[in-house]
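Reading through the structure tokens given below for one structure.
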Amino acid sequence: MTGAWQRLGQVYLVAVIIFALGPAAVVVFDSVNSATSFPSPFEQFTLRWYAAVAGRPELFEAARNSLVVALLSASVASVIAFLAAYALSRSTFPGRHAVATALIGPLFIPEIVLGLAILQIAGAADLTLNLATLTAAHTLFVMPFALRLTLSGFSRFDFNLEWAARSLGASQGIALRRVVLPLVRPNLIAGFTLAAIMSFVNLPVSMFLTTPTTATLPVSVFAYMESRIDPMIAAVASLVLFVAVIATFFLDRVLKIRIIG
Amino acid sequence: MSAVEADVALVSSPQGVSRKPFIQRPGVLTTLFLMPAALLLVVFLIIPLSVTVWMSLSPNVLVKFQGHTFANYTYVFGRSYYIQVLWRTVRIAAETSSIAFLLGYPAALALRYVPPALSNAFVLAVTLPVLCGPLVVILGWMILLSRGGPLGSLVGDLQLLGSEWGIVVAQVHFLLPFVVLSLVNVLHGIPDELLDAARSLGAGPVRRFLRIILPLSLPGILSALIIGFSLATGAFVAPHYLGGPGDLTLATLISQFVMATFNGQLAATVSILLLAVMSAAIFTLTIVLSWKMRG
């Protein structure tokens, strides 16, 4: 590649980066701007919108629900994904790829269809909607994310290591715990983190499955936004963004794992 | 089970010890370990979706009939209002996935040639909207696109928020990481030697692109378009919050049937329709592009 093409490519990539970060940047901008409505030009730096969030207990309640559902569904999904990824990677039975594709499948089902299907089975089985139903739906929704990252960890794992441990007398359980698990741990942690984040920020799956007492943070914020948008909401969104940025850097810098692709 | 099986596999393997996994057929352990995932899929996806199919065949307050028939489907297809919703969904998905592809392809190509620091920053930046979720992104687009907002005033009197173009802009933004990263894998697999050989034989940059890079990246183009189109068809958040009341898509129509008119049967019908549209599009794309790959 010649220098001119290379420079053109760099300029283009920077332009796309600006496009990608634009909406998040404007949210942060308006969350620290003292203007009471937006869009408006920058007036003065203020943290009063963040202080206003503190005066809304229902948002904390919703954030707590989101956190509980995210941690529970990501934990269950990670264990299921680890077992499945291990089984799929160590054996070469025919139809292995079909099984892997089927397990990744929920990723291709629209989130709103997943939410509706769980709502309708809950209705048919006479179940009440609570955090358990919501966690079940989220576990299904986030499992493929955990599975993809765990599978990519296993694709670089040399199964001879496990075999060596077994031939030296380690039981299946010991080999799994002392040899396999430590070597794929970064991918497992990455899968858990991604699963938890995807659950925490999700709206369409949760939408039909929450009641006023089990509303998650996205559900209650979007309910608020139906009537109005104000800088306080921008402050809440900035806090969520802050969590997402930390998670991104954790995945990229600490675990050195790319989440999509 | 596995020790015996592994011994057999090890002995029968031509090189003795291979780097390949050593179990050749699903053993007890493999089956056992796949069970939780299979159970999750059956209990929380396949059975619920079967209930949705059953619901879509059931009578309701709007469409009255005896037993279970396709009457809900004929009802939906018989009304031009719903046909318009269907057509709008496909049109927006086609627009957004092709724009995302046209924006993403040069970016994925450029990533081959830039310093690692820039390419890493790029990947982090485009994936951030996926990780921070609709709450941040939709609010951001609401501010950017509103009349008098930074972009709203840039395009003058054009009203972006509450229009189909508002949906398209936000959707392209969301699809970009999926499109770019499925192209990157393929584009980075093209060996430099091929391009060097073409150059030494006198092929200019345009010809190198058309004769080498483009054909070899067809599998990536296929997966980028499939991921883009299916995500765009099923998207709920952007059409609901950035589109106008007249910009209903299949996904927002489902939510309207559930939340506003409380008609679970028609919501189920539209859900199955949405899945059918997606499958048809994925099928067509696969056929067309794999035919192109062979030809």
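Residue numbers (our numbering), protein chains in the order written: chain A, 197 to 457; chain B, 10 to 304.
Don't be surprised by glycine CBs; every beta carbon is placed ideally from N, CA and C.
- [ ] Give the residues of chain A in contact with W96 of chain B, contact being defined as C-beta atoms less than 8 Å apart.
- [x] On the second sequence, position 87 is the one that residue 96 of chain B refers to. Result: empty, since nearest Cβ-Cβ is about 18 Å, beyond 8 Å.
Open item on the list: If I measure Cβ to Cβ from P23 of chain B and keep anything under 6 Å in the same chain, skipping five residues before and after, which residues do I get?
Closed with: Residue mapping note: residue 23 of chain B aligns to position 14 of the second sequence, counting from 1. Unreliable positioning characterises P23 of chain B in this predicted model, as indicated by a pLDDT of 42, which lies under 50. The coordinate reading is nonetheless provided below. Closer than 6 Å at the Cβ level, and outside the excluded window around P23 of chain B, lies no residue.
Open item on the list: For the alpha helix (DSSP H) containing D205 of chain B, name the first residue and the last one.
Closed with: As a position in the second sequence, residue 205 of chain B is number 196, starting the count at 1. Segment 201-209, the alpha helix (DSSP H) holding D205 of chain B.
- [ ] Kindly indicate if chain A contains any beta-carbon less than 7 Å away from that of P228 of chain B.
- [x] Locating residue 228 of chain B in the second sequence gives position 219, where the first residue counts as 1. No, P228 of chain B lies away from the interface with chain A (no Cβ there is under 7 Å from its Cβ).
Open item on the list: I'd like to know if V212 of chain A contacts chain B, where contact means its C-beta is closer than 7 Å to some C-beta of that chain.
Closed with: Reading the first sequence from its first residue, position 16 is the one you call residue 212 of chain A. V212 of chain A counts as touching chain B.
- [ ] Identify, in the order they occur along the chain, each residue of the same chain with its Cβ nearer than 7 Å to the Cβ of I385 of chain A, setting aside the five sequence neighbours on each side.
- [x] Here residue 385 of chain A refers to the residue found at position 189 of the first sequence. Cβ within range, chain order: L451.
- [ ] Would you mind stating whether A216 of chain A and A233 of chain B have Cβ atoms separated by less than 7 Å?
- [x] Locating residue 216 of chain A in the first sequence gives position 20, counting from the first residue. Locating residue 233 of chain B in the second sequence gives position 224, counting from the first residue. Cβ distance not < 7 Å, so A216 of chain A and A233 of chain B don't count as in contact.
Task: chain B within 7 Å of S287 of chain A, Cβ atoms only - done: One-based indexing of the first sequence puts residue 287 of chain A at position 91. For S287 of chain A, the answer is yes, since a Cβ of chain B falls inside 7 Å of its Cβ.
Task: Contact with chain B by L323 of chain A, beta-carbon distance below 7 Å - done: Counting from one through the first sequence, the residue named residue 323 of chain A turns up at place 127. Closer than 7 Å: no.
Task: Chain-ordered chain A contacts of T61 of chain B [CB-CB under 9 Å] - done: Position 52 of the second sequence, counting from 1, holds the residue named residue 61 of chain B. By Cβ distance, chain A contributes V309, L312, A313, Q316, I317.
- [ ] Pick out whichever of B:A290, B:I55, B:T242, B:S89 has its Cα sitting closest to the Cα of V177 of chain B.
- [x] Counting from one through the second sequence, the residue named residue 177 of chain B turns up at place 168. Nearest C-alpha to V177 of chain B: B:T242.
- [ ] Report, in whole angstroms, the separation of the C-beta atoms of L196 of chain B and L298 of chain B, which I expect to be a contact under 8 Å.
- [x] The residue given as residue 196 of chain B occupies position 187 in the second sequence. The residue given as residue 298 of chain B occupies position 289 in the second sequence. About 16 Å; that fails the 8 Å criterion.
Open item on the list: I'd like to know whether the C-beta atoms of L312 of chain A and A276 of chain B end up nearer to each other than 7 Å.
Closed with: Taking the first sequence and counting its residues from 1, one reaches residue 312 of chain A at position 116. Taking the second sequence and counting its residues from 1, one reaches residue 276 of chain B at position 267. Cβ atoms of L312 of chain A and A276 of chain B: closer than 7 Å.
TODO: Compute the Euclidean distance between the alpha carbons of G175 of chain B and G237 of chain B, then round it to the nearest angstrom.
DONE: Numbered from its first residue, the second sequence carries residue 175 of chain B at position 166. Numbered from its first residue, the second sequence carries residue 237 of chain B at position 228. Those two C-alpha atoms are separated by around 17 Å.
Open item on the list: Suppose only complete runs of 4+ residues qualify. What are the alpha helix (DSSP H) ranges in the segment 238-301 of chain A, listed by chain order?
Closed with: 244-250, 253-286, 292-300
Task: Buried versus exposed, by CB contacts within 10 Å (16 or more), Q316 of chain A - done: To locate residue 316 of chain A, count along the first sequence from 1; it is residue 120. When all chains shown are included, Q316 of chain A counts as buried.
Open item on the list: Quick check on this structure: which residue in A:S287, A:S395, A:P414 has the alpha carbon closest to the alpha carbon of L41 of chain B?
Closed with: In the second sequence, counting from the first residue as 1, residue 41 of chain B sits at position 32. If you compare the alpha carbons of A:S287, A:S395, A:P414 with that of L41 of chain B, the shortest gap goes to A:S287.
Task: Own chain partners of P143 of chain B with C-beta closer than 6 Å, once the 5 adjacent residues on each side are dropped - done: By one-based count along the second sequence, residue 143 of chain B stands at place 134. Excluding positions up to five away in sequence, the list reads V246.
Task: 8 Å Cβ shell around R97 of chain B - same chain, five flanking residues per side excluded - done: By one-based count along the second sequence, residue 97 of chain B stands at place 88. Counting only Cβ-Cβ distances below 8 Å, and skipping sequence neighbours, we find E173, D256, L257, T258.
Task: W300 of chain B burial status per 10 Å Cβ neighbour count (16 or more: buried) - done: Looking up residue 300 of chain B in the second sequence gives position 291. By the neighbour-count rule (16 or more Cβ atoms within 10 Å), W300 of chain B is not buried but exposed.
- [ ] Starting from L43 of chain B, find everything on chain A with Cβ-Cβ shorter than 9 Å and list it in chain order.
- [x] As a position in the second sequence, residue 43 of chain B is number 34, starting the count at 1. Neighbours of L43 of chain B on chain A, chain order: L279, A280, A283, L284, V295, L299.
Open item on the list: Between A:T444, A:A333, A:T232, which has its C-alpha nearest A273 of chain A's C-alpha?
Closed with: Within the first sequence, numbered from 1, the residue matching residue 273 of chain A stands at position 77. Residue A:A333 is the option with its Cα nearest to A273 of chain A.
TODO: Name, please, each residue of chain B whose Cβ falls closer than 8 Å to the Cβ of D226 of chain A.
DONE: As a working mapping, residue 226 of chain A is identified with position 30 in the first sequence. Those within 8 Å of D226 of chain A in chain B are I152.
- [ ] Can you grab the Cα-Cα spacing for the pair L345 of chain A / S230 of chain A, in whole Å?
- [x] Along the first sequence, one-based indexing puts residue 345 of chain A at 149. Along the first sequence, one-based indexing puts residue 230 of chain A at 34. Going by the C-alpha atoms only, they are around 42 Å apart.
Task: Where the alpha helix (DSSP H) containing Y90 of chain B begins and where it ends - done: The residue given as residue 90 of chain B occupies position 81 in the second sequence. Its alpha helix (DSSP H) spans residues 89-119.
Open item on the list: At a CB distance below 9 Å, what residues from the segment 385-411 of chain A approach chain B? Give them in sequence order.
Closed with: L390, I393, M394, F396, V397, N398, L399, P400, M403, F404
Task: chain B contacts from the segment 323-351 of chain A (Cβ-Cβ distance under 8 Å) - done: Going along the segment 323-351 of chain A in chain order, one finds A332, A333, T335, L336, M339, L343 with a Cβ nearer than 8 Å to chain B.
Task: Any chain D beta carbon closer than 7 Å to L144 of chain B - done: Absent from the structure is chain D; the protein chains it does hold are A and B.
TODO: Between the Cα of V145 of chain B and those of A:A318, A:S423, A:P382, A:V417, spot the shortest distance and give me the residue it belongs to.
DONE: Position 136 of the second sequence, counted from the start, is the residue given in the question as residue 145 of chain B. Of the candidates A:A318, A:S423, A:P382, A:V417, the one whose C-alpha sits nearest the C-alpha of V145 of chain B is A:V417.
Open item on the list: With a threshold of 7 Å between beta-carbons, can T39 of chain B be considered close to chain A, or not?
Closed with: As a working mapping, residue 39 of chain B is identified with position 30 in the second sequence. Yes, its Cβ sits closer than 7 Å to a Cβ of chain A.
Open item on the list: Only counting the same chain, and skipping five residues up and downstream in sequence, which positions put a Cβ closer than 6 Å to that of P186 of chain B?
Closed with: Along the second sequence, read from residue 1 onward, the residue named residue 186 of chain B stands at position 177. Here the set comprises V135, T136, V139.
Task: A479 of chain A vs A46 of chain B beta-carbon contact at 7 Å - done: With chain A running from 197 to 457 in the structure shown, residue 479 of chain A is simply not present.
TODO: Go ahead and label M4 of chain B buried or exposed: buried means 16 or more other beta carbons lie within 10 angstroms of its beta carbon, across all protein chains shown.
DONE: A query on residue 4 of chain B cannot be resolved here, the shown segment of chain B reaching from 10 to 304 and no further.
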